Structure formats: C-alpha cells, structure tokens
Amino acid sequence: MKTLLTLTSAIALVATGAAAQELSEVHAPTEPLVLQSRGSFLVGGESVERTPTQLSTIFGAPPAEGGNITVNQMYVEFMVPAEATGVPVVMLHGATLSGKTYDTTPDGRMGWYEYFVRQGHPTYVPDQISRGRSGFDPGVYNDVRAGVRPVSDLPNVFQQANELNWTQFRIGPSFGEAFPDGQFPIEFADEMSRQAIPDLNAYLPRPNPNHQAMSNLASDIGGAVLMGHSETGAVPLNAAATDASDIAGLILVEPGGCHFTPWTEADMQIFTQIPILAVFGDYLDLETGLADFSWQNAYDSCLRFVEEVNSAGGNATMLYPPDLGITGNSHVLMMDRNNLEIADLMLAWIGENVGPDAQ
Numbered sequence: 002m003k004t005l006l007t008l009t010s011a012i013a014l015v016a017t018g019a020a021a022q023e024l025s026e027v028h029a030p031t032e033p034l035v036l037q038s039r040g041s042f043l044v045g046g047e048s049v050e051r052t053p054t055q056l057s058t059i060f061g062a063p064p065a066e067g068g069n070i071t072v073n074q075m076y077v078e079f080m081v082p083a084e085a086t087g088v089p090v091v092m093l094h095g096a097t098l099s100g101k102t103y104d105t106t107p108d109g110r111m112g113w114y115e116y117f118v119r120q121g122h123p124t125y126v127p128d129q130i131s132r133g134r135s136g137f138d139p140g141v142y143n144d145v146r147a148g149v150r151p152v153s154d155l156p157n158v159f160q161q162a163n164e165l166n167w168t169q170f171r172i173g174p175s176f177g178e179a180f181p182d183g184q185f186p187i188e189f190a191d192e193m194s195r196q197a198i199p200d201l202n203a204y205l206p207r208p209n210p211n212h213q214a215m216s217n218l219a220s221d222i223g224g225a226v227l228m229g230h231s232e233t234g235a236v237p238l239n240a241a242a243t244d245a246s247d248i249a250g251l252i253l254v255e256p257g258g259c260h261f262t263p264w265t266e267a268d269m270q271i272f273t274q275i276p277i278l279a280v281f282g283d284y285l286d287l288e289t290g291l292a293d294f295s296w297q298n299a300y301d302s303c304l305r306f307v308e309e310v311n312s313a314g315g316n317a318t319m320l321y322p323p324d325l326g327i328t329g330n331s332h333v334l335m336m337d338r339n340n341l342e343i344a345d346l347m348l349a350w351i352g353e354n355v356g357p358d359a360q
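Okay, here's the thing in structure tokens:
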C-alpha cells in the first residue's frame, strides 16, 4: 500500500467551498479554438399522453386537461473543428453527473471535450436520458404527490455525498486524505460536488433507452467512437449489441464491470469486429464504501472481457496507466491533473486502431 498524505486543509476547503471554481479561475488557452461548427440537437424521444395530475403546473395544481409530452430524448452538444482530421468521438458521462464531466476541469483546465476537438476530432457530448438537459418524465412523482399512486411506486433517486465520493472516486483512502502521487486536484474537490445532479436512471424503462440513443447517435454522425464512463462505462458495448453498423470503436472508461449484461455468442461476434479500449486508473484495491462493490473486481471483469474478445479474434486493449509508470489517477481521469496525458494515450490508440489510417 502506498504511503498516505494527510491533507487536513482539504476537509476545510470541501466543507466551506473556499476553492469553488469561478469564471476567473478558468484557464485561458494559449491558442484560439477554431471551429467549423458548434451546436446541439436531440436524439430519439417518444410522445406519451399524461393526465392533468401527472403534468401539474407551475402553481402546483393540475391543468384543466391532460396532453402529450416527449420523453426519453437525449440532448447532445457538439463541436466540429475547422480542420477535422480524426474520427468523431462521443463522450457519455456517468452517475450523478452530466456532460460537464468532459468539459473544463474542477480546477479550470482544459477538459477532454475541447482537447479532442483541438486534436482534430469532431466531438459530441450528450446528457444521459433522464439527466440534465435531456430531462425526465415527472408523471409518477406527481401521481404519488397527489395520492393517486402509493409512495412505494417512487423510483429510486440518488446522489452521493462528498465524503463517499472521496473513496468511491479514489481521490484518497478517507475524506481529507490523499495519496502522495494522487492526480485529482483535491483543492477543488468541492467543484466536483457542484457539478452533481440527482440520478434518476432507476426511472428509465428497460431496455435502457440510452443504449439505442447512443447507437442512433453514431449513425446520425455518420460513424463514431463511443466512450462511456463509470455508470455508462459499458454502455458503448450495449449500444454496439443494439446496432453496431456505424460504431467505429468503443472506449470503456472505468466501467463498474464488463459482464453486467450476459453477452450472447452473437454479441461477442459483434465485439470482435470493433476495436475496444478499456481504461482504469490507480488504487483499484481501495475500499469503496459501497457494499459488495470493488474497483479491483471491475478491472478484473474488464480484463477478462478483453481476453475473451481477443481469444475470439477481436481487437481489445486494456489501458492501465500504472503499467506505463503513470500513477495516482483517480476514477475521474478526465478531471485529473494529467488528464491530457491520459487523453493522448487514448488518441494514440484511436489513431492506431480506428479509421482509414489504423495500423
């Protein structure tokens, strides 16, 4: 076990919000970002009829009549560089977060979203269906509020405390402690908390509509590498199993495992046709604070999956930075101090394995 560095000041910073990121703390780039286009759009969605009680109003009372609303749509923002030389990349965030995950880091540095664009890749960043700007269906919550349905019908909504995130995200072994080689900017840990959004995924229908939406998004773009993180770390696999026709590659960043879905023989055959990269940070043996969950087990699951794909004739790789002498990365590698170093490794993998220039 590596030596721990106790940082008592970090507790005060997180507790008081003293290091909160403000506009003045966002680092200005040395070179302008030159784009062909930027914008946003929506993928999927379905019209459903809802009662007056399910719709409610700004005043809390139901309207005179019900009607139709759109649900299960995915909001996507994008940037296309003026000189697009690389394959498009889609970056989907994890639990209790949004597309902000890949944008400016908690301490104001450039995130993967902008960096991939600067390296020539059109980049698309969705909010999961039921999260952020994608919205969610309020029907069941208003039914319960009105007494139309029992409280037991309420789906689970969760958000993780800062104290739990410290170990769950492997920032340090306990709240206020950090590893001496830790890469997460702990002085700005409170800023990650400010990004949090309550997680409503338990409300989603089955199969999870994010799977189809990610596959459809790849088709809308005309082909893309799909990236997921943590809660959605294996979603690129689900998207490929749904329809892989326009999926150029899969990047699985710190998924909770690679075998949650019982993959069929047909699924595995699909996976052998697509380059796959799994990525994990350091300190996988750290206690997470969650019962029956271990990052080491998640890594072992994905390493086994990589071996299974390769044994079947596919092209799968495990990127574990400590094997390269790069230590201290947390669960949120895209926010770590060396986030661009990790991005360069991923970009190199894309260049070597995806698209017309793949070696």
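The sequence shown runs 2 to 360 under our numbering. Don't be surprised by glycine CBs; every beta carbon is placed ideally from N, CA and C. From a predicted model like this one, the values you see are computed outputs, not experimental measurements.
Checking the sheet assignment: what are the DSSP bridge partners for residue i?
i	result
residue 229	93, 253
residue 43	76
residue 50	69
residue 81	38
residue 248	225
residue 320	280
In the structure shown, what three-state DSSP assignment does residue i receive?
i	result
residue 222	helix
residue 8	Confidence at residue 8 is low in this model, with a pLDDT of 37, below 50, so the placement of that residue is unreliable and no value is reported for it.
residue 29	coil
residue 157	coil
residue 128	strand
residue 278	strand
residue 353	helix
residue 302	helix
residue 102	helix
residue 63	coil
residue 111	coil
residue 144	helix
residue 327	coil
residue 312	helix
residue 343	helix
residue 172	coil
residue 376	Only positions 2 to 360 of the chain appear in the structure, and residue 376 is not among them; the question remains open.
residue 120	coil
residue 56	helix
residue 1	Nothing can be reported for residue 1: it is not among the residues displayed for the chain, which extend from 2 to 360.
residue 236	helix
residue 162	coil
residue 272	helix
How about residue i and residue j: do their beta carbons lie closer than 9 Å?
i	j	result
residue 83	residue 37	yes
residue 156	residue 201	yes
residue 222	residue 252	no
residue 72	residue 41	no
residue 283	residue 242	no
residue 114	residue 133	no
residue 332	residue 171	yes
residue 365	residue 213	Past the boundaries of the shown model lies residue 365; the chain is included only from 2 to 360, so the question cannot be answered.
residue 1	residue 272	Within the shown structure, residues of the chain are numbered from 2 to 360, placing residue 1 beyond reach of any answer.
residue 60	residue 90	no
residue 56	residue 109	no
residue 75	residue 127	yes
residue 190	residue 88	no
Using a Cβ-Cβ cut-off of 6 Å (strictly less than) and excluding sequence neighbours within five positions of residue i, which residues of its own chain qualify?
i	result
residue 296	285
residue 328	182, 283
residue 292	none
residue 216	240, 243, 244
residue 125	77, 79, 91
Can you name, in chain order, every residue of its own chain whose Cβ lies under 8 Å from the Cβ of residue i, other than the five neighbours on each side?
i	result
residue 152	145
Spatial neighbours of residue i within its chain, please: CB distance less than 7 Å, with the 5 preceding and 5 following residues excluded, ordered by chain position.
i	result
residue 289	168, 169, 295, 296
residue 354	250, 276, 316
What are the uninterrupted segments assigned as beta strand (DSSP E) that are 3 or more residues long and contained completely in the region 175-224, given in chain order? none
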